[in-house]
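Residue numbers (UniProt numbering): 1 to 113.
For each residue, glycine too, the CB sits at the ideal point set by N, CA and C.
None of these values were measured; they are calculated from a predicted model.
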């Protein structure tokens, strides 16, 4: 059975939305992992009694002031948290569009048969 062009177009749009959702979920997972690592690093940094710490820069460890590294980590955590929120909003929008499209297709398919 050949599907009408309108339904084929809707199905292609559905597949594209599913791919976009998958990409967003992968990005979100990566950002959440980086966020956890940064929070753990900040937690360990706060336990340190030294005024200087070593920070990995490229392939080298560089001695830095603890306060500078702490500030950098806090800023990074703030940025990552914003990125997670943005990705969550995108995820919600795409899931909503997917649901609408699926409902629309379910209404169209019985009439095409």
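Residue i versus residue j - alpha carbon distance
| i | j | result |
| --- | --- | --- |
| residue 87 | residue 79 | 12 angstroms |
| residue 24 | residue 89 | 10 angstroms |
| residue 105 | residue 7 | 7 angstroms |
| residue 60 | residue 18 | 41 angstroms |
| residue 48 | residue 75 | 19 angstroms |
Short Cβ contact (8 angstroms threshold) for residue i with residue j
| i | j | result |
| --- | --- | --- |
| residue 28 | residue 91 | yes |
| residue 10 | residue 108 | yes |
| residue 84 | residue 37 | no |
| residue 42 | residue 94 | no |
| residue 45 | residue 69 | yes |
| residue 114 | residue 64 | No answer is possible for residue 114: it lies beyond the span of the chain, which begins at 1 and ends at 113. |
| residue 50 | residue 66 | yes |
| residue 81 | residue 21 | no |
Residue burial classification, residue i (beta-carbon count within 10 angstroms, cutoff 16)
| i | result |
| --- | --- |
| residue 57 | exposed |
| residue 118 | One cannot answer for residue 118 here, as it falls past the ends of the chain, which runs 1 to 113. |
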